[in-house]
Amino acid sequence: SAGHTQPDFFIFRGENYEEDPFSFLRPSSQNAEPNPMPFPILLTVLSTFPSSIEHKKIRYRNWSREIDAILWCTYPGSVFQVLEIVNWARNVGVRVHASGHRRSWVPLAVHKNDTDVILISTQYLTSMKVISNTTGDSSFWVEPGIFMEDLLKRLEEDSLTVSVIPSIGRITLGGALAISAHSTGVPITGEILQPGHTYGSLSNLIIGFTAVVYDQDLDMYTVKRLHRSDPDSSAIITNRSGRSFITNLTLRAGPLQWYECLSITNIPAHELFALSVPKTLTGILEGTGRLEAIWFVHSQYPWLKIWNLTDMKPRSSREVTSPNNYPFANMTKLQSSAWTKMYGRFRAEIINRSLTVERTKDIWGTGRNTFLLEVEVRVTGLDHPEHVLIKNSTTPAFSSLNPVRERPDWDVGIFFSVLTTHGTPGMYDFYRELEEFYFRNFNSNWSTVRPEWCKGWGYTNNDGWSNETILKNLKTLGKFSGWDEAFKVLQSYDPFGVFSGSSTNMFLKLDNNTSAPQILPNLEWATDTMFKVSETQ
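Under UniProt numbering, the residue at position 479 of the sequence shown is numbered 479, and the numbers go up by one with no gaps.
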């Protein structure tokens with residue numbers, strides 16, 4: 001996936017904002033206040049909005065700051081208020097989208113062309129309860145607004161965890177599931193996967209969930225519980241287009257795990273990324289199963305991190321008891337597009353020195369305390385539904401780690417994240433060329449190419465998520481299994497398009513195309529039981 005980031009100064013904290021102390025680094029267009037969206041229609045219909053539900057106008061900015069708008073946001077405190085909002089929206093003819101912490105590039109919740117979308121914040125939907133910590137049958141009930149770092153901390157109290165730990169803790173569970181969030185890890189020789197864990201995406205751990213769907217008999221939107229064995233669940237457990245709203249979930253958990261995290265900065269790039277010398281990513285991965293490589297532009301030595309699964313603290317390791325142990329890694333705050341070349345060399349040198357000074361070259365702790373950091377390159381397994389320990393479980397249809405039915409021998413997912421600062425000259429041209437390179441060279445009889453939904457993809461020379469060739473052919477290019485069936489489920493559950501919008505229309509271009517003419521050169525084309533959790537929890 002290709003992505004671009006902005007200096008992350010404008011931080012949303014409840015209803016307060018931290019202003020940008022380095023605005024002089026940005027072009028004037030980035031410093032300007034957003035033009036208020038035209039809301040005459042919304043102001044009229046909002047007069048009928050349920051008065052008991054909190055709602056107000058907010059400034060909406062996504063992580064990359066490419067979406068910057070004034071929008072109305074609602075704050076339901078229960079599933080009943082969510083239903084009240086959705087049915088009100090259907091009756092007055094506006095659309096609604098879920099909103100978490102906005103740590104994404106892709107315009108999933110809000111598109112820059114949206115003018116009639118109302119947000120449903122999950123800020124108050126954060127309840128959680130461990131159902132069982134029995135080995136082999138551990139599970140927990142949770143609402144979608146909880147932050148991942150809070151979820152992991154709560155699980156640790158019962159000696160539990162999930163093995164899929166995204167690098168950023170301040171994202172909501174709902175947001176992580178929408179984009180098939182992943183960690184890093186493949187099995188090494190002799191490794192036995194502990195019950196309740198997976199090498200795939202976070203969505204692969206879902207046992208069941210409650211979603212807002214349209215009920216034809218009642219002629220209204222209501223909640224429906226779906227078990228992982230229900231065929232319809234496949235369409236929703238990775239909801240990359242925002243076409244539904246999950247109010248609560250039950251997920252599988254596994255035993256608490258401990259890792260040694262080693263940082264290595266003395267292997268030159270030409271050796272680390274080579275084909276056959278001893279110190280290659282392939283050789284290191286076979287010995288550890290979990291790694292991440294970060295290669296800074298115009299620097300010689302990448303930052304390689306490897307995680308060794310071990311219950312005993314190595315003598316050389318320093319124990320850590322909190323996450324985010326690499327504060328120097330978040331240096332995008334000092335970067336502007338004019339400094340890109342110098343920044344790469346500077347950052348590589350600072351990280352190498354800081355690892356020594358802060359004693360973080362060799363740390364040991366739980367997954368929550370060793371995995372939460374920036375992501376550049378990671379390697380994972382795929383979404384094998386048997387990992388959730390539920391008979392007849394479905395596979396997440398829209399997950400980037402959805403296995404290819406025709407190729408069971410394809411068992412690894414490699415995530416590439418190529419970052420820059422928004423506004424760097426030639427940025428979109430570079431990403432378009434890079435994306436075309438991926439499709440030409442890796443969409444073949446031995447691999448396939450897919451987007452990481454939350455990042456940048458579908459590039460033209462002017463923007464992301466806008467390349468008609470990619471949008472119309474990605475379903476076939478990516479060899480997704482069960483795509484068309486899942487799309488029909490989403491349509492049937494939301495026939496009035498209450499959860500649709502400009503962002504979902506982008507995905508409709510993916511969903512509505514059943515044939516894929518050869519447009520890009522040199523490409524090969526691929527032709528019951530309910531879980532028992534009370535609503536009051």
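Every residue gets a Cβ at the ideal spot worked out from N, C-alpha and C, and that includes glycine.
Presumed contact (8 Å Cβ cut-off) between residue i and residue j, rounded CB distance
i    : j    : result
G175 : G100 : 4 Å
R243 : D484 : About 14 Å; that fails the 8 Å criterion.
K279 : L291 : Incorrect: roughly 12 Å between the Cβ atoms, too far for contact.
L71  : Y60  : 5 Å
S417 : E376 : 5 Å
R252 : V388 : 5 Å
V82  : F245 : 6 Å
I207 : I53  : Their Cβ separation, rounded to whole angstroms, is 30 Å, which puts I207 and I53 out of contact at 8 Å.
Residue i: first and last residue of the uninterrupted beta strand (DSSP E) it sits in
i           : result
residue 540 : An answer regarding residue 540 cannot be provided, because it is not within the stretch 1 to 537 covered by the chain.
H227        : 220 to 227
S121        : 117 to 121
T250        : 245 to 252
K455        : Unbroken run through K455: none, as it is neither H nor E.
I264        : 258 to 264
K153        : That residue, K153, is in no beta strand (DSSP E); its alpha helix (DSSP H) goes 148 to 156.
M128        : 128 to 132
E386        : First-last for E386: undefined, no H or E at that position.
N462        : Looking at the DSSP string, N462 is not in any beta strand (DSSP E), and its letter there is neither H nor E.
L309        : 303 to 309
I294        : 291 to 294
Pair within 8 Å by beta-carbon distance, residue i and residue j
i           : j    : result
T310        : T184 : no
I85         : P76  : yes
V213        : T247 : no
S234        : A397 : yes
T161        : L152 : yes
A178        : N239 : yes
L205        : A181 : no
N91         : Y221 : no
V498        : A89  : yes
V117        : V106 : no
E149        : S127 : no
K129        : F147 : no
Y459        : Y431 : yes
W258        : P314 : no
L226        : D232 : yes
V186        : G283 : no
T395        : G287 : no
residue 538 : T122 : This structure cannot settle anything about residue 538, because the visible part of the chain is limited to 1 through 537.
N461        : Y428 : yes
Unbroken alpha helix (DSSP H) run spanning residue i, endpoints
i           : result
L174        : With the sequence shown as reference, residue 174 is identified as Gly, and Leu is not the correct amino acid for it. Its alpha helix (DSSP H) spans residues 173 to 178.
G287        : 281 to 288
E143        : Here E143 belongs to no alpha helix (DSSP H), and DSSP marks it neither H nor E.
R378        : Unbroken run through R378 is the beta strand (DSSP E), 377 to 380; no alpha helix (DSSP H).
I470        : 468 to 477
residue 545 : Lying outside 1 to 537, the shown extent of the chain, residue 545 is not represented and no answer is given.
A235        : Counting along the chain, A235 falls outside any alpha helix (DSSP H), and DSSP gives it neither H nor E.
L490        : 483 to 493
A269        : 269 to 272
Selection from the options that minimises the alpha carbon distance to residue i
i    : options                : result
L474 : A486, W457, L382       : W457
R378 : E452, S276, L434       : E452
K479 : Y124, S180, I284, V449 : V449
Y124 : S139, G145, D158       : G145
I120 : I390, K57, S444        : K57
E156 : E143, P255, I171, E435 : P255
W446 : A269, M312, P408, H422 : P408
P385 : N62, R228, D429        : R228
Q300 : I284, M312, F273       : F273
F49  : S64, T476, V96, A211   : V96
W295 : A269, V320, L275       : A269
L308 : Q194, C261, H298       : A small correction: the amino acid at residue 308 is Asn; Leu does not occupy that position in the sequence shown. Closest option to N308, Cα to Cα, is C261.
G136 : E433, Q194, Y428       : Q194
K489 : S163, D383, I236       : Looking at the sequence shown, residue 489 is not Lys but Val. Among S163, D383, I236, the Cα nearest to that of V489 is on I236.
I168 : P323, S276, G287       : P323
C410 : N443, T420, T394       : Correcting the residue identity first, residue 410 is Trp in this sequence and not Cys. If we check each option's Cα against that of W410, N443 comes out closest.
T210 : S492, D217, Y199, T250 : T250
Below-8 Å beta-carbon distance, residue i vs any chain B residue
i    : result
I188 : Looking at the structure shown, chain B is missing, and only one protein chain is on hand.
Residue i: CB within 7 Å of a non-hydrogen atom of the ligand GTP
i    : result
V388 : This structure simply doesn't include the ligand GTP, nor any ligand for that matter.
Alpha helix (DSSP H) runs contained entirely in the segment 189 to 218, provided each spans 4 or more residues: Within the segment 189 to 218, no alpha helix (DSSP H) run of at least 4 residues lies entirely inside it.
Minimum length 3: unbroken beta strand (DSSP E) runs contained in the segment 49 to 94: Listed in chain order, the beta strand (DSSP E) runs fully inside the segment 49 to 94 are 54 to 61, 68 to 75, counting runs of at least 3 residues.
Complete beta strand (DSSP E) runs within the segment 388 to 417 (minimum length 3 residues, chain order): Under the rule that a run must span 3 or more residues, the beta strand (DSSP E) segments found entirely inside the segment 388 to 417 read 413 to 416.
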